[in-house]
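Line by line, the protein sequences give chains R and Y.
Heads up: the first sequence runs through residues 960 to 1050, numbered per my numbering.
Heads up: the second sequence runs through residues 17 to 267, numbered per my numbering.
Even for Gly, the Cβ is constructed at its ideal location relative to N, Cα and C.
Remember, it's a predicted structure, so these values are computed and weren't measured experimentally.
Report on one structure; see the data block that follows.
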Amino acid sequence: MVMPKGQTFDHGYATATMGYREISEFMTERGDKMNHSTARNVFMSAMTKMSESVIRVLGDEAPLDPQHAAKDPRFQSAIESYLREAYSKET
Amino acid sequence: MLDNRFFEEVGRHQLLSREEEVALGRRIKNGDQQAREKMVLCNLRLAVKIAKEFYDKSSCSLEDLIQESNLGLCKAVDLFDPDRGYKFSTYASWWMKQRVRQHILGNSGIARLPGNARMVNWQAKKATKEYEQEFGRTPTLKELAGILNVSEGLLRGVTTCAKRPVDLDAPVRSADGGSRVFHETIEDKTTRNPDRKIDEARLMRAIYEGMSSLTPREQVVLRLRFGLVDDLKHDPRFSASNLILEKQENL
Chain R
960 MVMPKGQTFD HGYATATMGY REISEFMTER GDKMNHSTAR NVFMSAMTKM
1010 SESVIRVLGD EAPLDPQHAA KDPRFQSAIE SYLREAYSKE T
Chain Y
17 MLDNRFFEEV GRHQLLSREE EVALGRRIKN GDQQAREKMV LCNLRLAVKI
67 AKEFYDKSSC SLEDLIQESN LGLCKAVDLF DPDRGYKFST YASWWMKQRV
117 RQHILGNSGI ARLPGNARMV NWQAKKATKE YEQEFGRTPT LKELAGILNV
167 SEGLLRGVTT CAKRPVDLDA PVRSADGGSR VFHETIEDKT TRNPDRKIDE
217 ARLMRAIYEG MSSLTPREQV VLRLRFGLVD DLKHDPRFSA SNLILEKQEN
267 L
């Protein structure tokens, strides 16, 4: 069975357009050599920064642990939809 | 408009005893018009009572409902068989209710429906009620059509035509005694909730702030992960040289 691209969490898999292996291959081709684990670490670091920013703005309404929020597939898909909206406005 | 005189007139006629009913019934069977008239007049009270019962549940006028109930009463008088042993009121009430129901069904929708369509509508309502009691949810159009053994198109048409029209300019009662009309209370689904709009704007601000705090490398990985890569290859900020430079800075 083909598993969805993403990681398991309390709320299932966070699906994504590109897997970590594909990301690492893309980055390696462009001169930034990295493996799939590094790609995941960089992605999680980016998500943690995003969640910190959200927590700062929303205050008490947001979950308190940025790292936990960053791993949550629901948070990831919410960020994805907002980013998509932001990019569609820009282009 | 009905006035008190009508109701006084109706109340003037005494109720019939069981024996009187049988005697009148036999005379009616033999073609006695006076007996027929007496039977009708003495049961007008019942006709009014039944019409009033339905008046509260319908949008028809009381006069019309009494008229229909009276027609049902006349039919019952003509068909009553006193030798069967049951009371006239028991028998007649079915005819009166049937006439009143038919009138209400025929006059309550957007269009006047033919008898068979009204029957489908009535069966659909009944089946929906039973289905909800058994399964705890409203049946879909397909399920309901299957239960009634009719086509989905027919069922859709009948239920749509049987819907009651709404007066958009009718005043709406409110706790503060306001004078708003119905169309003013209808939600505009094309406009977004202002609270939600504010929350979304705050979130969007957080997203922009978050994105600006990311390194180019993190931005590229994030965008690759979410498939936001249309302009990535042509963006100078994410060129190979920039990324390598950033990597070297981090080492």
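Check: Environment of Lys158/Y [buried if 16+ CB atoms lie within 10 Å]; Outcome: exposed
Check: Pairwise C-alpha distance: Cys58/Y and Glu36/Y; Outcome: 11 Å
Check: For Ala217/Y, the nearest candidate out of Glu988/R, Met1009/R and Tyr1041/R (CA to CA); Outcome: Tyr1041/R
Check: Neighbour list for Phe1034/R in chain Y, Cβ cutoff strictly below 9 Å; Outcome: Those do not exist, as Phe1034/R stays about 12 Å from chain Y at its closest Cβ, beyond 9 Å.
Check: Cβ neighbour criterion (16 or more within 10 Å) applied to Pro1025/R; Outcome: buried
Check: Beta carbon proximity, Ile66/Y to chain R, threshold 7 Å; Outcome: no
Check: Chain Y contact for Lys1008/R (CB, 7 Å cutoff); Outcome: yes
Check: Every unbroken beta strand (DSSP E) within the stretch 71–102 of chain Y, with a cutoff of 3 residues, ordered by chain; Outcome: none
Check: Integer Cβ distance of Ser74/Y from Ile120/Y, believed to fall under 8 Å; Outcome: 4 Å
Check: Identity of the residue in Thr144/Y, Pro155/Y and Phe198/Y nearest Pro181/Y by Cα; Outcome: Phe198/Y
Check: Close-in-space but distant-in-sequence residues of the same chain around Leu267/Y (CB under 6 Å, 5 per side omitted); Outcome: With a pLDDT of only 48 at Leu267/Y, under the threshold of 50, the placement of this residue in the model should not be trusted; the figure read from the coordinates follows. Contacts found: none.
Check: Chain-ordered chain Y contacts of Leu1023/R [CB-CB under 7 Å]; Outcome: Within chain Y, no residue comes near Leu1023/R; the closest Cβ sits about 15 Å away, beyond 7 Å.
Check: Meets three-Cβ-pair contact criterion under 8 Å: the stretch 208–217 of chain Y and the stretch 101–117 of chain Y; Outcome: no
Check: Where the alpha helix (DSSP H) through Met220/Y begins and ends; Outcome: Pro210 to Ser228
Check: Under 7 Å between C-beta atoms of Thr154/Y and Glu148/Y; Outcome: yes
Check: Check whether Ala108/Y and Leu89/Y have beta carbons under 7 Å apart; Outcome: yes
Check: Limits of the unbroken alpha helix (DSSP H) element including Lys142/Y; Outcome: Gly131 to Phe151
Check: Beta bridge counterpart(s) of Pro13/Y as assigned by DSSP; Outcome: Outside the modelled stretch of chain Y, which goes from 17 to 267, sits residue 13/Y, for which no answer is possible.
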